[in-house]
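Colleague: Under our numbering, the first residue of the sequence shown is numbered 2, with each subsequent residue one higher. Note that beta-carbon positions come from the ideal geometry of N, C-alpha and C, so glycine has one too. Source: prediction; values computed, not measured.
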Amino acid sequence: MAIDCLLWLLQDQNTCHKVIDKIVPALIDLAEITTLGDHKKLGETIVSVLHECSQSLGSTRNPLSSRTKELIDELLSSKQRSKREKNMPKEDLHIKQAASLVIKLEGNSLFSSGNIAAAASKYSEALALCPLRSKKERVVLYSNRAQCYLLLQQPLAAISDATRALCLHNPLNRHAKSLWRRAQAYDMLGLAKESLLDAILFINECSQSTDPDLSLRQNKVPDYAERLVKKQMRAAWLFREAAVKHGGVHCEGDNGEIYGQEGDDSEWETASESDIENDGRRDMGDDDEDDDDDDDDDSEWKNDDERKDKYEKSLIKDMKHGYNVQLAEDEA
C-alpha cells in the first residue's frame with residue numbers, strides 16, 4: 002500500500018530528512034482515516050510516525066522546514082483538541098456546533114453573492130468551531146471550502162480539502178461532490194490519471210445517489226463528467242493500443258498530440274452520446290449564450306481545429322456546471 006511505503010520512508014533515518022517535506026502534506030490529509038483495509042487506527046499511526054519524525058529531526062543538522070513544522074504542529078494541536086472535547090459537557094459541544102452552522106450559512110451566502118474568498122474564510126472559521134466528532138458537518142465544510150479553492154484557482158488546496166472530506170465521510174472515499182471537486186483540481190494540475198479515477202468514482206456515486214443534483218437522469222452519465230472522463234482517457238493514453246488498432250488514434254508531429262479520425266469519436270463514445278440532442282443539457286444550469294451550438298452533431302465538425310474549439314468550449318461549460326453543483330449540502 003502506498004501509505005505504508007510513505008510511513009516506512011519516514012521511519013527510516015536515512016531517508017526521513019530527504020522526503021519529509023514532500024510526504025507530510027499528503028499524510029496529514031489522511032490523518033483522520035480510522036480504518037482502511039487491514040489497517041486499524043491508521044490515522045493514529047500516521048500521527049504517531051509524524052510526531053516521532055518531527056522530534057528526531059528537531060535535534061539534527063537537517064531540521065524541518067517551517068511549513069512542515071507548522072503542519073505537524075497543527076495536527077498535534079488537533080489531537081489535543083480532540084482530547085479536550087471528550088471532557089466537555091454535551092451542552093457546550095452543541096453550542097459550538099450551532100455556532101459553526103451559523104457561520105457556515107454565512108459562508109454559503111457569501112459564496113452565492115460571488116465573494117468566494119470571504120466564503121472560504123467563513124468555512125475556515127466554522128471548521129475551527131465545529132466539534133471534531135461532528136464528522137458529517139465537517140465533511141460539508143471541507144468540501145465547500147474545496148469548491149471555493151477551485152474558483153480561486155488554488156488546486157492544491159482544493160485537493161487537500163476534498164481529500165479530508167473523503168477521509169471523514171462514511172463510507173470512506175464515497176462523497177460524490179468531493180470526488181468531483183478533486184477530479185477538477187487534478188485536471189487543473191494536468192494530472193490526468195488521478196482526475197480520471199476520481200471522475201469515474203464520482204459517476205459511480207451518482208448512480209447510487211438520491212441527491213437530485215447528482216442522480217443520473219434516465220440512467221445517463223452526466224455530460225460534464227462524461228466529457229472529463231473522455232478528456233482524461235485521451236490525455237492518459239488509456240486504451241491507446243485498442244484505439245490505434247481500430248484506426249481511431251494516431252500521432253502527428255513532435256508534440257505528441259493525439260488526434261482521432263476526422264469527424265469520428267466513436268472509440269470514446271458512451272451511451273448518452275447516442276441521444277445527445279435530448280440529454281437534458283439545458284436543464285443542468287448551463288445557460289451560457291456563447292454555447293448555443295453545443296448540440297451540433299460531430300459530423301458537422303469540418304476539421305480538427307474546429308473540433309478542438311468545440312471540445313474546449315464544452316470543457317469550460319462543464320467546469321462552470323461543476324462549480325455550480327449545489328454548495329449548501331446539509332445532507333452530506
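Between LEU192 and VAL230, how many whole angstroms is the CB-CB distance? I'm expecting something under 8 Å.
Modeller: For the purposes of this step, residue 192 is taken as the residue at position 191 of the sequence shown. For the purposes of this step, residue 230 is taken as the residue at position 229 of the sequence shown. With a Cβ gap of about 14 Å, LEU192 and VAL230 do not count as contacting.
Colleague: Starting from LYS80, follow the alpha helix (DSSP H) in both directions and report where the run begins and ends.
Modeller: Along the sequence shown, one-based indexing puts residue 80 at 79. Here the alpha helix (DSSP H) through LYS80 covers 67-87.
Colleague: Hey, LEU10 and VAL25: beta-carbon distance below 9 Å or not?
Modeller: One-based indexing of the sequence shown puts residue 10 at position 9. One-based indexing of the sequence shown puts residue 25 at position 24. Cβ distance not < 9 Å, so LEU10 and VAL25 don't count as in contact.
Colleague: Report all residues from its chain with a CB closer than 7 Å to the CB of HIS176; omit the five preceding and five following residues, and keep chain order.
Modeller: Locating residue 176 in the sequence shown gives position 175, counting from the first residue. Result list for HIS176: VAL140, SER144, ALA166, LEU167, HIS170, ALA333, in chain order.
Colleague: Let's test the definition: count the other Cβ atoms within 10 Å of the Cβ of PRO64 and tell me whether it reaches 16, buried, or not, exposed.
Modeller: Stepping through the sequence shown from its first residue, residue 64 is reached at position 63. Exposed: under 16 other Cβ atoms inside 10 Å.
Colleague: Compare the Cα-Cα distances from GLN148 to each of GLU53, TRP181, ALA127 and report the closest residue.
Modeller: Your numbering for residue 148 matches position 147 in the sequence shown. When each option's Cα is compared against that of GLN148, the closest is TRP181.
Colleague: Assign THR211 to buried or exposed, taking buried as 16 or more other Cβ atoms, counted over all protein chains shown, within 10 Å of its Cβ.
Modeller: Translated into positions along the sequence shown, residue 211 becomes position 210. That one is exposed.
Colleague: In this structure, does DSSP put LYS194 in helix, strand or coil?
Modeller: Position 193 of the sequence shown holds residue 194. Three-state result, LYS194: helix.
Colleague: Does the beta-carbon distance from ILE104 to LEU130 come in below 9 Å?
Modeller: In the sequence shown, counting from the first residue as 1, residue 104 sits at position 103. In the sequence shown, counting from the first residue as 1, residue 130 sits at position 129. Contact: yes.
Colleague: Should GLY44 be labelled buried (16 or more other beta-carbon atoms within 10 Å of its own) or exposed?
Modeller: Position 43 of the sequence shown, counting from 1, holds the residue named residue 44. Buried, by the Cβ-count rule.
Colleague: Can you tell me whether SER179 is buried or exposed? The criterion is at least 16 other CB atoms within 10 Å of its CB, across all chains shown.
Modeller: One-based indexing of the sequence shown puts residue 179 at position 178. Buried, since its Cβ has 16 or more Cβ neighbours within 10 Å.
Colleague: Answer yes or no: do PRO156 and ALA121 have a C-beta to C-beta separation smaller than 9 Å?
Modeller: Here the question's residue 156 lines up with position 155 in the sequence shown. Here the question's residue 121 lines up with position 120 in the sequence shown. Cβ atoms of PRO156 and ALA121: not closer than 9 Å.
Colleague: Within the continuous alpha helix (DSSP H) that includes GLU126, where are the two ends?
Modeller: Numbered from its first residue, the sequence shown carries residue 126 at position 125. Here the alpha helix (DSSP H) through GLU126 covers 117-130.
Colleague: Considering Cα atoms alone, identify which of CYS207, ARG235, GLN233 is closest to VAL222.
Modeller: As a position in the sequence shown, residue 222 is number 221, starting the count at 1. Proximity to VAL222 across CYS207, ARG235, GLN233 peaks at CYS207, based on C-alpha coordinates.
Colleague: CA-CA distance, ARG228 and ALA163?
Modeller: Counting from 1 along the sequence shown, the entry for residue 228 is found at position 227. Counting from 1 along the sequence shown, the entry for residue 163 is found at position 162. Taking the straight line joining both Cα atoms gives about 21 Å.
Colleague: Can at least three beta-carbon pairs, one atom from the stretch 25-44 and one from the stretch 2-9, be found at a separation below 8 Å?
Modeller: yes
Colleague: Among CYS54, LYS123, ILE96, ALA99, which residue has its Cα nearest to the Cα of LEU77?
Modeller: Here residue 77 corresponds to residue number 76 of the sequence shown, with the count starting at 1. Of the listed residues, the one whose Cα sits closest to LEU77 is CYS54.
Colleague: Is ALA119 closer than 9 Å to LEU111 when the C-beta atoms are compared?
Modeller: Taking the first residue of the sequence shown as position 1, residue 111 is located at position 110. Taking the first residue of the sequence shown as position 1, residue 119 is located at position 118. Cβ distance < 9 Å, so LEU111 and ALA119 count as in contact.
Colleague: Which residues in the same chain have their Cβ closer than 6 Å to the Cβ of GLN1, if we skip the five residues on either side of it in sequence?
Modeller: Residue 1 is absent from the structure shown; the chain starts at 2 and stops at 333.
Colleague: In angstroms, rounded to a whole number, what distance separates the CA positions of LEU153 and ILE117?
Modeller: In the sequence shown, counting from the first residue as 1, residue 153 sits at position 152. In the sequence shown, counting from the first residue as 1, residue 117 sits at position 116. C-alpha separation (whole angstroms): 7 Å.
Colleague: Quick check on the burial criterion: 16 or more other C-beta atoms within 10 angstroms. Buried or exposed for PRO90?
Modeller: Position 89 of the sequence shown, counted from the first residue, corresponds to residue 90. Exposed is the call here.
Colleague: What distance in whole Å lies between the Cβ atoms of LEU133 and ARG82, which are believed to be in contact at a cut-off of 8 Å?
Modeller: The residue given as residue 82 occupies position 81 in the sequence shown. The residue given as residue 133 occupies position 132 in the sequence shown. The Cβ separation is near 6 Å, so the contact holds.
Colleague: Among the residues of its own chain, which have a CB less than 7 Å from the CB of LEU190, if the five just before and after it don't count?
Modeller: Within the sequence shown, residue 190 is the residue found at index 189, counting from 1. Cβ contact annotation for LEU190 (same chain, cutoff 7 Å, sequence separation greater than five): PRO156, in chain order.
Colleague: Taking the continuous alpha helix (DSSP H) assigned at GLY44, which residues delimit it?
Modeller: Taking the sequence shown and counting its residues from 1, one reaches residue 44 at position 43. It spans 43-59 - the alpha helix (DSSP H) in which GLY44 sits, taken as one unbroken run.
Colleague: Going by C-alpha distance, which of THR16, LEU58, HIS52, GLN56 is nearest ILE29?
Modeller: Looking up residue 29 in the sequence shown gives position 28. Measuring from the Cα of ILE29, the nearest candidate turns out to be HIS52.
Colleague: Could you give the DSSP three-state label for LEU36: helix, strand or coil?
Modeller: Counting from one through the sequence shown, the residue named residue 36 turns up at place 35. Correcting the residue type first, residue 36 is Thr in the shown sequence and not Leu. In this structure, THR36 counts as strand in the three-state DSSP scheme.
Colleague: Rounded to a whole number of angstroms, what is the C-alpha to C-alpha distance between LEU102 and GLN14?
Modeller: Stepping through the sequence shown from its first residue, residue 102 is reached at position 101. Stepping through the sequence shown from its first residue, residue 14 is reached at position 13. Looking at the two C-alpha atoms, the distance is approximately 44 Å.
Colleague: Can you check which of these residues, ALA127, GLY115, SER49, ARG68, is closest to ILE349 by C-alpha distance?
Modeller: Nothing about residue 349 can be reported from this structure: the residues present for the chain run from 2 to 333 only.
Colleague: To test your reading of the DSSP string, which unbroken alpha helix (DSSP H) runs of 4 or more residues are found completely within the stretch 128-157?
Modeller: 136-152
Colleague: Which of helix, strand or coil does DSSP assign to ASN171?
Modeller: As a working note, residue 171 is residue 170 in the sequence shown. DSSP places ASN171 in coil when its eight states are reduced to three.
Colleague: Classify SER113 as buried or exposed, calling it buried when 16 or more other Cβ atoms lie within 10 Å of its own Cβ.
Modeller: Start at 1 with the first residue of the sequence shown, and residue 113 comes out as number 112. Exposed, since its Cβ has fewer than 16 Cβ neighbours within 10 Å.
Colleague: Looking only at its own chain, which residues have a Cβ that is under 6 Å from the Cβ of GLU71, when we skip the five neighbours before and after it?
Modeller: On the sequence shown, position 70 is the one that residue 71 refers to. No residues qualify anywhere along the chain.
Colleague: Suppose you measure from the CA of LYS84 to the CA of CYS17; what does that come to, to the nearest Å?
Modeller: As a first step, residue 84 must be located in the sequence shown, where it is residue number 83. As a first step, residue 17 must be located in the sequence shown, where it is residue number 16. Cα-Cα distance, rounded: 29 Å.
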